[in-house]
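Number of protein chains: 2
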Amino acid sequence: MNVVTMADSTDVAAGGPQRERIIAAAAALTTRSGWASVTMSRLADEVGVSRQTVYNEIGTKPALAKAMVHDELGRFLSVVDKAFDEHPDDLIAAITAAVRGVLELAEGNTLLHAIVSATHGADTELLPLITTHAESLLSTAKAVVADRMRPFRLSFTAWEFDAAIDTVVRVVLSHVMQPSGSPEETAADIAWIARRVLFP
Amino acid sequence: MNVVTMADSTDVAAGGPQRERIIAAAAALTTRSGWASVTMSRLADEVGVSRQTVYNEIGTKPALAKAMVHDELGRFLSVVDKAFDEHPDDLIAAITAAVRGVLELAEGNTLLHAIVSATHGADTELLPLITTHAESLLSTAKAVVADRMRPFRLSFTAWEFDAAIDTVVRVVLSHVMQPSGSPEETAADIAWIARRVLFP
DNA sequence: TCTTTACAAAAGCTATGGTTTTGTCCAATC
DNA sequence: GATTGGACAAAACCATAGCTTTTGTAAAGA
């Protein structure tokens, strides 16, 4: 069991196996026709389940929004996990791969693009969840990165460790929403910073 | 002449002396009753000027939004300038002071809060300008920081220099929108990172 | 230079009524 | 035990129409 599903299992609304399918359908609907057009009925139809089940599994519509974002975040954190799995004894290589993977995923992520490029009305309701009210997103991501970096037994104080992780997570998130170069370039930039910070 | 007004003077829509007062009034109106309630007439009345002058000085309403954000950014960059002026031969001290000043200004900035906490309709039109479509904001800020760091004659390649500045600007912006600690704490965290990166 | 006035097109508001959606409850069912 | 379908009130949304405001541009005047 990887760290992402572990994070899921600690959620209050862990829910049954339907939950994932519902969230996936919500994401598909959102990318196809916008968040405003996602209704609980349409969602239930899409999944082939009753509307009540959607409410049982997910809850309210704001909760659906959170669940969608959290689920998508899980996909990004899986990439991070994989990168760390593939470089178990080279932290900088792991970070480089993780950042590149995350930014590549962001490039092709249709849900992310639907959220970021929404400009009108209710479609923009998702944007704050990944920008101005992203504390849960940040803390989840930071927890995952911290868990993967801890085994490297860096000689840092707790707050130095936290500061480094907070920074890398925020910078990557910033590039996810607003890339300035190719994933490779940005990953190299961030990896250079990381090397300087972690191995001075 | 400081670097902020220099940046203004290079703008296409530099405009006359009225411009500043109009933008200030727009910011006041926005914080008082929301961006949706800002009309060109109300704005003209507030400043005691004709509506046409507003159009001459500013242009369209999206341009007004950009001008407001850019103007507010200028206030933040003034703080950065001041911090660097006050620590002409201690880069880390300058960075610490700059970050702390920027985050303190953010804490008390009513316009920023109005933008960030807007959730309904037209009031949210300003949010993308500082989150998902902030490329001009980012490049302006990066230019200022680069100009102030250059005199320290760090021995970096051009892209190392750019990467460091890109990172610090993005991280600070992230904390402006979504603080996780006090300005002092965050400034200390970022300054620690900066020291590691700049003086390994 | 700034203001006034004028103008068309677009967007917004008011009010109405009808429809959809939300969120919850519960009995029935597989 | 989970899922369903029906029922329900409250809220949100939609369409229509007419009216008002706002936008953005233009030209003439102080």
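Those protein sequence lines, which keep their order, are chains Y and F. So the first sequence is numbered by UniProt numbering: it starts at 1 and just counts up by one. So the second sequence is numbered by UniProt numbering: it starts at 1 and just counts up by one. Each residue gets a CB set at the ideal place from its N, CA and C atoms; glycine is no exception. If you're wondering where the values come from, they're calculated on a predicted model, not measured in any experiment.
Check, Outcome
"Rounded to the nearest angstrom, what separates residue 193/F and residue 77/Y at their Cα positions?", "24 Å"
"Between residue 155/Y and residue 81/Y, what straight-line distance do the alpha-carbon atoms span, to the nearest angstrom?", "22 Å"
"Could you work out which residue in 84/F, 74/F, 65/F is closest to residue 31/F when comparing CA atoms only?", "65/F"
"Restricting to Cα atoms, I'd like to know which of 179/F, 151/F, 167/F, 184/F is closest to residue 178/Y.", "167/F"
"From residue 33/F to residue 99/Y, what does the alpha carbon distance come to, in whole angstroms?", "41 Å"
"Step through the CB atoms of chain F and report whether any lies within less than 8 Å of the CB of residue 164/Y.", "yes"
"Which complete alpha helix (DSSP H) runs does the region 29 to 66 of chain F hold, if anything under 4 residues is left out?", "40 to 47, 51 to 57"
"Residue 170/F CB to nearest chain Y CB: under 8 Å?", "yes"
"Does the Cβ of residue 72/Y have 16 or more other Cβ atoms within 10 Å, making it buried, or fewer, making it exposed?", "buried"
"Report the three-state DSSP secondary structure of residue 8/Y (helix, strand or coil).", "Note on residue 8/Y: pLDDT 38, under 50, position unreliable in the model; the coordinate value appears next. Residue 8/Y: helix per DSSP, three-state reduction."
"Whose Cβ in chain Y lies nearer than 9 Å to the Cβ of residue 189/F?", "159, 160, 162, 163, 164, 166, 167"
"What span of residues does the alpha helix (DSSP H) with residue 125/Y cover, start to end?", "Unbroken run through residue 125/Y: none, as it is neither H nor E."
"May I ask you to report which of helix, strand or coil DSSP gives residue 181/Y?", "coil"
"Indicate whether residue 26/Y and residue 68/Y have their beta-carbon atoms separated by less than 8 Å.", "yes"
"Look at the alpha carbon of residue 121/F and the alpha carbon of residue 120/Y, and state the distance between them as a whole number of angstroms.", "8 Å"
"Please say whether residue 19/F and residue 29/F have beta carbons closer to each other than 8 Å?", "no"
"Using only CA atoms, which one of 173/Y, 163/Y, 144/Y lies nearest to residue 129/Y?", "173/Y"
"Tell me, please, whether the CB atom of residue 182/Y is closer than 8 Å to any CB atom in chain F?", "no"
"Chain Y beta carbons: is any one of them nearer than 8 Å to that of residue 10/F?", "The pLDDT assigned to residue 10/F is 32, lower than 50, so where the model puts this residue is not dependable, and the model offers no usable value."
"Can you have a look at residue 150/Y and say buried or exposed, based on whether 16 or more other CB atoms are within 10 angstroms of its CB?", "exposed"
"Under 8 Å, do residue 47/F and residue 75/F count as touching if we go by C-beta distance?", "no"
"Using the Cβ count rule (16 or more neighbours within 10 Å means buried), how would you classify residue 201/Y?", "The structure shown has nothing for residue 201/Y, since chain Y only spans 1 to 200."
"In or out: residue 158/Y buried (at least 16 other Cβ within 10 Å) or exposed?", "exposed"
"In chain F, which residues lie less than 8 Å from residue 177/Y when you measure between Cβ atoms?", "131, 132"
"Does the distance from the CB of residue 102/F to the CB of residue 176/F come in under 8 Å?", "yes"
"For a minimum of 3 consecutive residues, which ranges assigned as the beta strand (DSSP E) are wholly contained in the region 106 to 171 of chain F?", "none"
"With a 10 Å radius around its C-beta and 16 neighbouring C-beta atoms as the bar for buried, classify residue 84/Y as buried or exposed.", "buried"
"State yes or no: is the C-beta of residue 198/F within less than 8 Å of the C-beta of residue 164/F?", "yes"
"Using the rule of at least 16 other Cβ atoms within 10 Å of the residue's Cβ for burial, across every protein chain shown, is residue 140/F buried or exposed?", "buried"
"What does the alpha-carbon distance come out to for the pair residue 185/F and residue 142/Y?", "18 Å"
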